[in-house]
Structure formats: structure tokens, C-alpha cells
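Engineer: The numbering of the sequence shown is the numbering used here, which starts it at 254 and goes up by one.
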Amino acid sequence: MNEELLSRLPKTDLHVHLEGSITPKTLLRIADKQNRDVPAEIFNHETMQFNYNTEQGFFHIYPLVGKFIQDSRSLEMVTTAFLEQQSEQNIQYSEVIYTAEQGNLDFDLDQQLAAIKSGRKKGMEEFGSTFNLVVDVGRQIPIDQVNEVLEWVIKRRDIGENRFLVGFGIGGMENQGLPQKYAKCFRTVKNNGLLSLPHAGEQLGPKIIWDTLHLLQPDRIGHGIRCVEDPKLLEELNNRQIPIDVCPLSNLVLGYYPSLEAHPIQKMLNQDLNISLGSDDPGIMNFTFTEQFLRLSDELKIPDSKLVELLRNGIRNSGLSSDNKLEMFSEVDRILNAWN
Ligand SMILES: [Zn+2]
254 MNEELLSRLP KTDLHVHLEG SITPKTLLRI ADKQNRDVPA EIFNHETMQF NYNTEQGFFH
314 IYPLVGKFIQ DSRSLEMVTT AFLEQQSEQN IQYSEVIYTA EQGNLDFDLD QQLAAIKSGR
374 KKGMEEFGST FNLVVDVGRQ IPIDQVNEVL EWVIKRRDIG ENRFLVGFGI GGMENQGLPQ
434 KYAKCFRTVK NNGLLSLPHA GEQLGPKIIW DTLHLLQPDR IGHGIRCVED PKLLEELNNR
494 QIPIDVCPLS NLVLGYYPSL EAHPIQKMLN QDLNISLGSD DPGIMNFTFT EQFLRLSDEL
554 KIPDSKLVEL LRNGIRNSGL SSDNKLEMFS EVDRILNAWN
């Protein structure tokens, strides 16, 4: 796809982690304000990139980067910087995953939420792009704490126009918490009108996706890429058009696939699954949503019609109101008509 056309089209990013959106520039600014050095364990000061080259390395530095945003000012800065990054790419709406872990911080969840809201307000005023929040917990967390975080989300969520906390998810290493552990919790998620947004099928095979479908009533599945290993599952996902957030470059960075050619996205597109793209951890992984999109276009030669379909799915599969979706769809149509 032509880069100029891509930049004009309004986009959504439905799978992006706030902590993972931190770029080297933002991390260094925060460390400077905190009067701290960024240790070489996290960051290579020569290459100016985050310091990991394996999946283990990534999951090791991720929480260490998170330690730089445990005060209101830093969390607010990251949030505003995120909206600047999205806005530069004309990503008008994102669903941002924020991993909330209670009990190990002086910085409580209410303060965290206030900082994110204030960073969002600044970013929206200055840059125009916006987002809603998906609170997520790591799978290593005991279920009692997961339930505490969920209760807090339910208490704090606004309804209607001011809806900001839109969903609840689980992430991290899939073998540390199987869907069975969360069945009851996600019934509560659904009963309270929140989107059910679990990660599944990024690391483990088709069974975790089947169990997620049966037990967690997902509104979207995070990654879901290993569905291609089971023809019955592909059929099920196609029949029910379950939305899947696919983040191909993240999967490459973590070493799950050696190249885009080897990545399941081609097969998922050929099976007419309902997929949209997410950037996952663009700052720490050192790429952008736009770069990911253009690489799919250039390296896999996916036709523009399919690429536009991915963008439309990103609007359709979001938690935006139907009015907002219609507005974005008509902007897409207007830009495409003017381009052709
Ligand atoms: Zn993710």
C-alpha cells in the first residue's frame, strides 16, 4: 500500500500495551526527571535500544521498564507520549492494555488511573488521538488478586459517554495460567458489560484457544495465531467470525516465527478470519504500527483490498460506539474515493 494513502486513512490499534509503548526517548526523559540512570541490563546506551534478544530477555526487562512508571508524573508522561506516537501515524483510536498489579506498590490503582486519565487528557488536547483502557493482569498472579483488580475495575468504570475502562484481559506466559483458572472471573467481566480480552494462542497451541472460546467468552482474542495448527478451530473461528488481534512483528521479535513468510497471518487471511492488527509493544520492540503494516504490504504482497479490510476490521472490532464507527467508516470511504 502507498505510504501516503496509509497515513491518510484513519486507523485503530486494538492491541497495544501502555508499558510496551515506551520508546527509548521517553524512557530516557523519565529517567532524567527521576534523576536515575537506566541500567545497561535494560537499555544499550550505544545502540539506543532496549537490551534483549530472546523471549526470556524481553519478559525479564519488561517489568524493569515498568519500574520507571511507578509515580504519577512518569505514568502521565508515558500516556501523553503514547498519544503523540499514535497521532503521528493517524491512529485515531486505540485500545490500550495496562497491566495493573495491586499490592506491591505504594502507587495504588486509583492513583495510576488518575495519572493515565490526566496524560490522556493532555495527549487528546495536544495531539487529537484518543484511547480507551483495557486493564489486564499477568497470569502468574494468584486468582484472589486477579479478582481484586477486576472488582476495582467494575467499581471505577463509567457507563455511557464517559466509558473509559472498556475491557479486562489476561496476559504474560500462557503456561502460568490456563483459561480454567479464569472462567468464573470472566463471567463477572461479561455480566458487567466489560469486553473480555484475553491473550491466547500466542505461545501455546490450539487447545488454549478452544478453552478460551468455551470458558472466557472472548470479544477478541489476543494473538490467537496458533489457531492455524487446527483446521476445526479455523472453521469455528471463521463461522463465528471471532475477532482476533494479530501482532506479527511482535511475534517475530519474540522469536515465535523466523520471518513474515513463516507467520500464520497469510493463512488466517486466506481462511477469511476476522483479524485486525495491533502493535503490541512497539516502543520496547522498536517498530511502529505503520512500519508493521507496510512490511505486510511489501513483503507478503497482500493486496490493498485485503489491507483496507484489516483496517475496517480494526474499526468494527473495537469497543467504539456505533456512531463513532460509522464516522470512521465513512472517512475511510471518502479517502479511498478521493485517492482512486
Ligand atoms: Zn499483548
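Glycine included, each C-beta is placed from N, C-alpha and C at the ideal position.
Note that the structure is predicted; figures quoted are calculated from it, not measured.
#1: With DSSP as the reference, please indicate the residues paired to P362 in a beta bridge.
#2: Alpha carbon to alpha carbon, what distance is there between P459 and G420?
#3: By the 10 Å Cβ neighbour count, where 16 or more other Cβ atoms means buried, how is K264 classified, buried or exposed?
#4: A368 to D586, Cα distance in whole Å?
#5: Could you check whether L486 and W463 sit closer than 8 Å to each other, using their CB atoms as the reference points?
#6: Residue range of the alpha helix (DSSP H) that E584 falls in?
#7: For N297, which residues in the same chain have their Cβ closer than 6 Å to its Cβ, ignoring the five residues on either side in sequence?
#8: What does the alpha-carbon distance come out to for the pair V291 and Q393?
#9: Span of the alpha helix (DSSP H) holding Q562?
#10: Among the residues of its own chain, which have a CB less than 6 Å from the CB of E552, if the five just before and after it don't count?
#11: Sorted by chain position, which residues of the same chain lie with C-beta nearer than 6 Å to Q345's C-beta, five sequence neighbours on each side aside?
#12: Taking 7 Å as the cut-off, does the CB of I350 come closer than this to any heavy atom belonging to ligand 1?
#13: Compare the Cα-Cα distances from L386 to each of K559, L573 and F360 and report the closest residue.
#14: Report the residue from T307, N491 and L418 whose alpha carbon sits nearest the alpha carbon of R410.
#15: Can you tell which of I478, E401 and K375 has the C-alpha that lies nearest to the C-alpha of L522?
#16: Determine the direct distance from the alpha carbon of K559 to that of L259, and round the result to whole angstroms.
#17: Using DSSP's beta-bridge definition, name the partner residues of L486.
#18: Less than 8 Å separating the beta-carbons of N492 and L526?
#19: Is it buried or exposed, E594, if we count other Cβ atoms within 10 angstroms and call 16 or more buried?
#20: Can you tell me whether D533 sits near ligand 1, meaning its C-beta is under 7 Å from at least one heavy atom of the ligand?
#21: Is it true that the segment 422-432 meets the segment 451-458, where meeting means three or more beta-carbon pairs spaced less than 8 Å apart?
#22: With hydrogens ignored, establish whether the beta-carbon of H313 is closer than 7 Å to any heavy atom of ligand 1.
#23: Any idea what DSSP makes of G391, helix, strand or coil?
#24: Between A591, S327, P432 and P517, which has its C-alpha nearest E272's C-alpha?
#25: Quick check: N566 and I518, are their CB atoms within less than 8 Å of each other?
#26: Closer than 7 Å to a non-hydrogen atom of ligand 1 - does that hold for the CB of G425?
#27: Please confirm whether any heavy atom of ligand 1 lies closer than 7 Å to the CB of G475.
#28: Could you give the first and the last residue of the continuous beta strand (DSSP E) run that contains K264?
#29: Please report the straight-line C-alpha distance between P277 and S503, rounded to a whole angstrom.
#30: Using three-state DSSP, classify D533 as helix, strand or coil.
#31: Looking at L431: is its Cβ nearer than 8 Å to the Cβ of I474?
#32: Confirm, please, whether the CB-CB distance from L530 to L563 is below 8 Å.
#33: Which one or two residues does DSSP pair with E348 in a beta bridge?
Structural biologist: Let me spell this out:
#1: One-based indexing of the sequence shown puts residue 362 at position 109. First, the residue type needs correcting, since residue 362 is Leu and not Pro in the sequence shown. Answer is none; L362 lacks a bridge partner.
#2: For the purposes of this step, residue 420 is taken as the residue at position 167 of the sequence shown. For the purposes of this step, residue 459 is taken as the residue at position 206 of the sequence shown. Approximately 24 Å, taken between the alpha carbons.
#3: Counting from one through the sequence shown, the residue named residue 264 turns up at place 11. That one is buried.
#4: Counting from one through the sequence shown, the residue named residue 368 turns up at place 115. Counting from one through the sequence shown, the residue named residue 586 turns up at place 333. Each residue's Cα considered, the two are about 36 Å apart.
#5: Counting from 1 along the sequence shown, the entry for residue 463 is found at position 210. Counting from 1 along the sequence shown, the entry for residue 486 is found at position 233. Yes; because the gap between Cβ atoms is below 8 Å, this pair is in contact.
#6: Reading the sequence shown from its first residue, position 331 is the one you call residue 584. E584 -> alpha helix (DSSP H) spans S575 to W592.
#7: Here residue 297 corresponds to residue number 44 of the sequence shown, with the count starting at 1. So the list reads N304, once near-sequence residues are dropped.
#8: For the purposes of this step, residue 291 is taken as residue 38 along the sequence shown, with counting starting at 1. For the purposes of this step, residue 393 is taken as residue 140 along the sequence shown, with counting starting at 1. In a straight line, the C-alpha of V291 is about 26 Å away from that of Q393.
#9: Residue numbering aside, residue 562 sits at position 309 when the sequence shown is read from its first letter. The sequence shown places Glu at residue 562, not Gln. Per DSSP, E562 belongs to the alpha helix (DSSP H) from D557 to R569.
#10: Locating residue 552 in the sequence shown gives position 299, where the first residue counts as 1. Contacts found: L513.
#11: Taking the first residue of the sequence shown as 1, we reach residue 345 at position 92. Hits under 6 Å: P263 and S382.
#12: For the purposes of this step, residue 350 is taken as residue 97 along the sequence shown, with counting starting at 1. It does: the Cβ of I350 is within 7 Å (strictly closer) of some heavy atom of ligand 1.
#13: Numbered from 1 along the sequence shown, position 133 holds the residue referred to as residue 386. The shortest Cα separation from L386 among K559, L573 and F360 belongs to L573.
#14: Against the sequence shown, residue 410 aligns to sequence position 157. That would be L418, whose Cα lies nearest to the Cα of R410.
#15: Walking along the sequence shown from the start, residue 522 turns up at place 269. Comparing Cα-Cα distances from L522 to each of I478, E401 and K375, the minimum goes to I478.
#16: Locating residue 259 in the sequence shown gives position 6, where the first residue counts as 1. Locating residue 559 in the sequence shown gives position 306, where the first residue counts as 1. Those two C-alpha atoms are separated by around 13 Å.
#17: Reading the sequence shown from its first residue, position 233 is the one you call residue 486. In DSSP, L486 forms no bridge with anything.
#18: Numbered from its first residue, the sequence shown carries residue 492 at position 239. Numbered from its first residue, the sequence shown carries residue 526 at position 273. The answer is no: Cβ separation not under 8 Å.
#19: Because residue 594 is not part of the residues shown, which for the chain are 254 to 593, the question remains open.
#20: Working through the sequence shown from its first residue, we reach residue 533 at position 280. Answer for D533: yes, Cβ within range of ligand 1.
#21: yes
#22: Taking the first residue of the sequence shown as 1, we reach residue 313 at position 60. Because no heavy atom of ligand 1 lies under 7 Å away, the Cβ of H313 does not count as near it: no.
#23: Residue 391 sits at position 138 when you count from the first residue of the sequence shown. Strand, per DSSP.
#24: Stepping through the sequence shown from its first residue, residue 272 is reached at position 19. Of the candidates A591, S327, P432 and P517, the one whose C-alpha sits nearest the C-alpha of E272 is S327.
#25: By 1-based counting over the sequence shown, the position of residue 566 is 313. By 1-based counting over the sequence shown, the position of residue 518 is 265. No, they are not a contact pair.
#26: If you number the sequence shown from 1, residue 425 lands on position 172. Because no heavy atom of ligand 1 lies under 7 Å away, the Cβ of G425 does not count as near it: no.
#27: Taking the first residue of the sequence shown as 1, we reach residue 475 at position 222. Checking the Cβ of G475 against ligand 1 gives yes.
#28: Along the sequence shown, one-based indexing puts residue 264 at 11. From DSSP, the beta strand (DSSP E) with K264 extends over K264 to H270.
#29: Walking along the sequence shown from the start, residue 277 turns up at place 24. Walking along the sequence shown from the start, residue 503 turns up at place 250. Rounded to the nearest angstrom, the two C-alpha atoms are 17 Å apart.
#30: Translated into positions along the sequence shown, residue 533 becomes position 280. If DSSP states are grouped into helix, strand and coil, D533 belongs with the strands.
#31: As a working mapping, residue 431 is identified with position 178 in the sequence shown. As a working mapping, residue 474 is identified with position 221 in the sequence shown. For L431 and I474, no; Cβs fall outside 8 Å.
#32: By one-based count along the sequence shown, residue 563 stands at place 310. By one-based count along the sequence shown, residue 530 stands at place 277. Taking 8 Å as the Cβ cut-off, L563 and L530 qualify as a contacting pair.
#33: Taking the sequence shown and counting its residues from 1, one reaches residue 348 at position 95. Paired residue(s): N385.
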